[in-house]
Amino acid sequence: MELAQVRLLVSDFRGCYRFYRDTLGLTPQFAAPDGPYAKFTCDDGTAGIALQERAQMARVLGELAAAPDGYRSLIVLRVDDLDAYCGELTGRGAALAHGPAPMTDRMRVAHLKDPDGNLVELQEWLAPRSAG
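Here is the structure:
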């Protein structure tokens, strides 16, 4: 088994597409700024983050037609230099909800939200987890 993607069901497809492409700097597999589906990949790894219009999925699963309440997901992206990356993001107009700040003795994090309210955590690992 292999993880292919994490798919976010979004109501503001265009806003989320621009956020993941232009703000976070992820690469879309194909141009689809108007939806109803797009998949983004990072520089490393094979899995990706996909967006799908909530209304389209609601035609398959009717219960999805209701507006979601509260946080629905937490996407975690690892970066090498959290301060530099957060500086790039705020330079592109992103607003950080938290951080950069220590989370543990091995990790620093920052958080921001996409236009649909999905939470994105940026992690910088300071020390590798010890083997054993």
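Residue numbers (this note's numbering): 1298 to 1429.
Glycine included, C-beta positions come from ideal geometry on N, C-alpha and C.
Thinking just about the alpha-carbon of each residue, which of Q1326, L1358, V1406, G1322 is nearest to the one in A1371? Here residue 1371 refers to the residue found at position 74 of the sequence shown. The sequence shown places Leu at residue 1371, rather than the Ala named in the question. It is V1406 whose Cα lies nearest to the Cα of L1371.
Quick check: the Cα distance between V1357 and L1423, rounded to an integer number of angstroms? As a working mapping, residue 1357 is identified with position 60 in the sequence shown. As a working mapping, residue 1423 is identified with position 126 in the sequence shown. Each residue's alpha carbon lies about 43 Å from the other.
Does the distance from the C-beta atom of D1413 to that of D1331 stay below 7 Å? Taking the first residue of the sequence shown as position 1, residue 1413 is located at position 116. Taking the first residue of the sequence shown as position 1, residue 1331 is located at position 34. For D1413 and D1331, no; Cβs fall outside 7 Å.
Identify the residues that DSSP records as bridge partners of M1354: which are they? Your numbering for residue 1354 matches position 57 in the sequence shown. DSSP output for M1354 lists no bridge partner at all.
Classification of A1363 by the beta-carbon crowding that lies within 10 angstroms, buried from 16 upward: Locating residue 1363 in the sequence shown gives position 66, where the first residue counts as 1. Classification for A1363: exposed.
On the CB-based measure, 16 or more other CB atoms within 10 Å of its CB, does V1303 come out buried or exposed? Counted from its first residue, the sequence shown places residue 1303 at position 6. It counts as exposed.
Using DSSP with H/G/I as helix, E/B as strand and the rest coil, what is G1312? Walking along the sequence shown from the start, residue 1312 turns up at place 15. In the structure shown, G1312 sits in a helix (DSSP, three-state: H, G or I).
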